[in-house]
């Protein structure tokens, strides 16, 4: 529980409060639909919570209400009068069983820390549950010092880029694993001729490493901050990391990247468990988490001399703390002509990085805030740095004794993080404009979940709220339908009991919600909630497996969203498809593997992206993700095809292919 508001929420999310009275609509944030916290005014006259607006502006460049062009730097704090009005709103103590006190919102933290018997009881119980973890730990940093992740080195003679690799096993994936047909990794005729030439790079096989990674959490309950897909109850089989969230525990550690396969959690093999079981294992609280992962390293094409050079390198973690978003780090980044990735050219005297003293010239940047930059550009790195509010976590590769020649700046594109604006054209977080929306098709795959449509008609007072919060919307990066994220105990829908968290909302009073963006849906729900009667049509997704672990209690500590596997149970008319166009040279592989397709024993199954190989066209494009479902190739529907039918179609595309995909967000752990 949060020690300021007494409720469960992400560290980076707004505090939650139980308000005694209905709050005036003028004091509500139209992003989170809650009373404003740290209100920020836009030049166009709208007001939002600081965190809500900050998160929104990381993905969009317009005002949520009127869609006028907007940047976060143009916004400013609301007046003292508005902030005082909000602080004086009366709230209930969240520990109602032991404490029925009411107070102004600004007084709640002091009440919890000094006077609330319920919170005192909670702290005592929490202390009893905790293991005595203080033994053997280093002394905490003195007040005023900022703790940073300890530097990590590769053991002498090791070739892994991961600091705590336990006997990293190098394996070849040139031949497909059982049940996996892998067109992306097969050598083509061009590839064979490439091998025979002594003047061209020697591409042999796909290399991956199994690595043990130890994750430390100051708060044992804190979420890891990554999204996962897969499980033995899906064609993917393994558990695969789809996304690493910015400023999370995993991002700060910097060693896990999208596409990594998680094989073990605290010594428990999860390579053959269901999706829900894997989520349960990864959400289990604890101060230390041991993960064994399989990490793709790309095609091996380096000489023994290069490998021996890599063995002398070390991986270092460095965290820089910005006082605000606009503060520059004072780093110049460039590309080299003879090596992939980005490198530090110089540290500006007096800058944040130079004062920190842990970064050096010629360091290769492997990742920033969990974003993989092994094949990245200076522009992409600058954009990540500029969009970060406070902590900037670097993972860098260093070869002792080598300095970058001054002339190297002419050979690459330089980019300084001190630049106040984006360099433009960066592929990171770039939103595509979709050519079409839904790809109508027949789909019979609903593994473990079925959807049930229901109609809920209720009578209510005109001023009574529905009492729900929603997520999704077709402007969301995953193009999700509108779904219920919570049913509050103050509204008419809680009293009725038929609308549940996770239900997909189809319509309200005959108005179709399935094609609306988030703000259009909010407006439609609010305007129709003012009437005496409301009729909602919704889709409930029901699990067919009663033996799966219940995740509801644990999820209260998370920003709640449906599990990845539940989205697979949606009917196809709610799927939002997008086209991803990949281009490659004659001698390149597309760089992804697929699983699924029609089988006699299993019937029609979707085709899923299982692996994306570093350094390939699919990896560089950054739009395709592990767990994406392939619906069509160059406009030809994939449903009903077998692996042996789809693979030749992909191999026939010489330099360009259009993949129509459905992308569902992975489960948050």
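Residue numbers (full-length UniProt numbering): 1 to 669. We treat Cβ as the ideally placed atom computed from N, Cα and C, and that holds for glycine.
Quiz item: Does the distance from the CB of residue 264 to the CB of residue 284 come in under 9 Å?
Solution: no
Self-check item: N- and C-terminal bounds of the alpha helix (DSSP H) containing residue 566
Solution: 564-567
Quiz item: Where does residue 327 fall in DSSP's three states?
Solution: coil
Quiz item: Does the distance from the C-beta atom of residue 218 to that of residue 294 stay below 9 Å?
Solution: no
Self-check item: Cβ-based burial, residue 573 [other Cβ within 10 Å; buried from 16]
Solution: exposed
Quiz prompt | Check whether residue 618 and residue 635 have beta carbons under 9 Å apart | solution = no
Exercise. Would you kindly report the start and end of the unbroken beta strand (DSSP E) that includes residue 454?
Key: 449-459
Quiz item: Just checking my contact of residue 483 with residue 378 at CB under 8 Å: how many whole Å lie between their CB atoms?
Solution: So it is not a contact: roughly 39 Å between Cβ atoms.
Self-check item: Inter-residue Cα distance where the pair is residue 632 and residue 516
Solution: 25 Å
Quiz item: Going along the chain, which unbroken runs of the alpha helix (DSSP H) with 4 or more residues stay wholly within the UniProt domain "PDZ" (212-297)?
Solution: 249-253, 275-282
Quiz prompt | CA-to-CA distance, residue 41 to residue 52, given in whole angstroms | solution = 12 Å
Practice problem: Check whether the region 609-624 touches the region 647-655, counting contact only when three or more Cβ pairs, one atom from each stretch, lie closer than 8 Å. | Solution: no
Quiz item: What's the C-alpha gap between residue 654 and residue 616?
Solution: 15 Å
Quiz item: The beta strand (DSSP E) spanning residue 520 covers which residue range?
Solution: Per DSSP, residue 520 belongs to no beta strand (DSSP E); it is in the alpha helix (DSSP H), 518-528.
Quiz prompt | residue 129 at chain C interface by Cβ criterion, 9 Å | solution = Among the chains in the structure shown there is no chain C, since it carries only a single protein chain.
Exercise. Taking the CB atoms as reference points, tell me whether residue 348 and residue 392 lie closer together than 9 Å.
Key: no
Quiz item: For the beta strand (DSSP E) that residue 629 lies in, which residues bound it at each end?
Solution: 629-633
Quiz item: Thinking C-alpha only, which one of 39, 64, 43 is nearest residue 80?
Solution: 39
Self-check item: Where residue 393 sits in the DSSP three-state scheme
Solution: strand
Practice problem: Taking residue 649 as part of the alpha helix (DSSP H), name the residues at either end of that continuous run. | Solution: 643-652
Exercise. Pick helix, strand or coil for residue 620, following the three-state DSSP scheme.
Key: helix
Practice problem: Specify the secondary structure class of residue 537 as computed by DSSP and reduced to three states. | Solution: strand
Practice problem: Starting from the C-beta of residue 242, find all residues in its chain whose C-beta is less than 7 Å away, skip the five residues before and the five after it, and write them out in chain order. | Solution: 227, 228, 229, 258, 625, 626, 627, 666
Self-check item: Short Cβ contact (9 Å threshold) for residue 37 with residue 50
Solution: yes
Quiz prompt | Cβ neighbours of residue 479 in the same chain (closer than 6 Å, five flanking residues each side left out) | solution = 576
Quiz item: Taking only runs of the beta strand (DSSP E) that begin and end inside the region 485-512, which ones reach a length of at least 3 residues, in chain order?
Solution: 504-508
Practice problem: Could you say which of 581, 568, 593, 614 lies nearest to residue 605 if we only look at CA atoms? | Solution: 568
Quiz item: Exposed or buried, which one is residue 571 when buried takes at least 16 other CB atoms within 10 Å?
Solution: exposed
Practice problem: Report the residue ranges of all beta strand (DSSP E) runs contained in full by the region 338-394; include only those spanning at least 3 residues, in chain order. | Solution: 342-347, 364-368
Quiz item: At which residue ranges does the region 54-107 contain complete beta strand (DSSP E) runs of 3 or more residues, listed in the order of the chain?
Solution: 90-92, 102-104
Practice problem: Compute the distance between the beta-carbons of residue 1 and residue 35, then report whether it is under 9 Å. | Solution: no
Quiz item: Considering only residues of the same chain and omitting the five flanking positions on each side of residue 708, which have a CB-CB separation below 6 Å?
Solution: Since the first and last residues shown for the chain are 1 and 669, residue 708 lies out of range.
Quiz item: Near residue 565, what residues of its chain come up, given a Cβ to Cβ distance below 6 Å and the 5 sequence neighbours on each side ignored?
Solution: 275
Quiz item: Exposed or buried, what is residue 664 when buried is set at 16 or more other beta-carbons lying within 10 Å of its beta-carbon?
Solution: buried
Practice problem: Could you tell me the distance, in whole angstroms, from the CA atom of residue 609 to the CA atom of residue 100? | Solution: 52 Å
Quiz item: Per DSSP, residue 607 forms a beta bridge with which residues?
Solution: 596, 630
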